[in-house]
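Data first, discussion second: the structure below is written as structure tokens.
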Amino acid sequence: MRILDLFAGYGGFSYGAEKLVKGFTTTQFVEKNEFCQKILKKHWPNVPIHDDINTFHAKPNQYELLTIGWPCQDISVAGNQKGIKSGTRSSLFYQGIRLLRELQPRFALFENVRNLIGHDSGNTFKEVLFQIAKSGYDAEWQVLSVSKHARGVHRRERVFIIAYPKYFRLSPTERLRIYGEANNNTQERQNKIEQLERSSESIYSKIIQRPSSWSNGKYFLNPNPNGYSSKSTVCRTDNGFTRGLHKNRITALGNGVVPHVAAIPLQRIKKLNEYFSTIT
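Residue numbers for the sequence shown follow numbering that gives the first Met the number 0, so the first one is 0 and each next one is one higher.
Put into structure tokens, the structure is as follows:
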């Protein structure tokens, strides 16, 4: 699947898709930050980079997946809490929606901080889901964290939203079958289906329009089962490295998505794509 990586940062989504999950190819980046552009050029030298999402346009059928990890500064609990209203950095969400409507890809993967769900008493999240639905897409989502899902030492909770066209609407039974949770125990299977249906009544549920879990004990995807070090082995501020470089590095890491966590919804998209390919 071809990826248009919006708000690409240092390429966390693209790395997770190409190197960890596989079956994806990034063919276009949109990223404004010059330091992040240097990282992208080093690791994806042949992939073009556009520096302003407001002026980026493309034709339909060029990409199967849009990744949209839009700015979180106005949504995060550490920010000003202005949300996605016009004039905020987080309002760039609507540029992602514009491109979703223009390009009509098979999938879109949105990402932001956990506080998106509760911001403004849930109204911001409702608006996000409304805009996705207005674009002709269904959505499923889950909150994932680095500590729980990638063996990191910090929580770094993020909400991931997978969107796909409404004509690919999945029944609870199909969601279970795709993810391999259906089994010979009819009563257990029925209980899971009923659980999905009950949960869909609440906008705050983490189960709406998605399987019972992306990452439960049985089906947990960990692209790096041996874990990884959260500390860089590269020297940071001594031995000739400037503090400015250190600041840029920390900013890029702070704004970016962790590839090992992004791999979980990306793997889900890969499975959904395999299923959708059998019914179209």
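The beta-carbon is built from N, C-alpha and C at its ideal position, and this holds for glycine as well.
For clarity, every value in this text was computed on a predicted model and none was experimentally measured.
Top-ranked residue by Cα proximity to residue i, from the options
i           : options              : result
residue 34  : 109, 13 and 7        : 7
residue 18  : 257, 274 and 278     : 257
residue 3   : 109, 272 and 88      : 109
residue 111 : 130, 62, 140 and 50  : 140
residue 160 : 167, 119, 44 and 136 : 136
residue 50  : 36, 60, 59 and 57    : 36
residue 132 : 72, 117 and 165      : 165
residue 118 : 58, 88, 76 and 87    : 76
Beta-carbon gap between residue i and residue j smaller than 8 angstroms
i           : j           : result
residue 66  : residue 12  : yes
residue 115 : residue 107 : no
residue 163 : residue 102 : no
residue 90  : residue 83  : yes
residue 25  : residue 43  : yes
residue 142 : residue 155 : no
Cα-Cα separation between residue i and residue j, rounded to whole angstroms
i           : j           : result
residue 85  : residue 262 : 31 angstroms
residue 134 : residue 48  : 26 angstroms
residue 20  : residue 130 : 28 angstroms
residue 70  : residue 31  : 12 angstroms
residue 41  : residue 68  : 21 angstroms
residue 64  : residue 104 : 6 angstroms
residue 126 : residue 270 : 27 angstroms
residue 282 : residue 122 : The shown model of the chain, from 0 to 279, leaves out residue 282, and the question about it has no answer.
residue 167 : residue 29  : 28 angstroms
residue 27  : residue 1   : 9 angstroms
residue 128 : residue 93  : 12 angstroms
residue 267 : residue 278 : 17 angstroms
residue 87  : residue 73  : 7 angstroms
residue 275 : residue 60  : 16 angstroms
residue 81  : residue 23  : 35 angstroms
Nearest-angstrom beta carbon gap, residue j and residue i [assumed within contact, 8 angstroms]
i           : j           : result
residue 113 : residue 260 : That belief does not hold up - the Cβ atoms of residue 113 and residue 260 are roughly 12 angstroms apart, past 8 angstroms.
residue 52  : residue 5   : 6 angstroms
residue 15  : residue 265 : 6 angstroms
Per DSSP, the bridge partner or partners of residue i
i           : result
residue 5   : 29 and 67
residue 45  : Answer by DSSP bridge pairing: none, since residue 45 is not bridged.
residue 137 : 163
residue 106 : 64
residue 112 : 157
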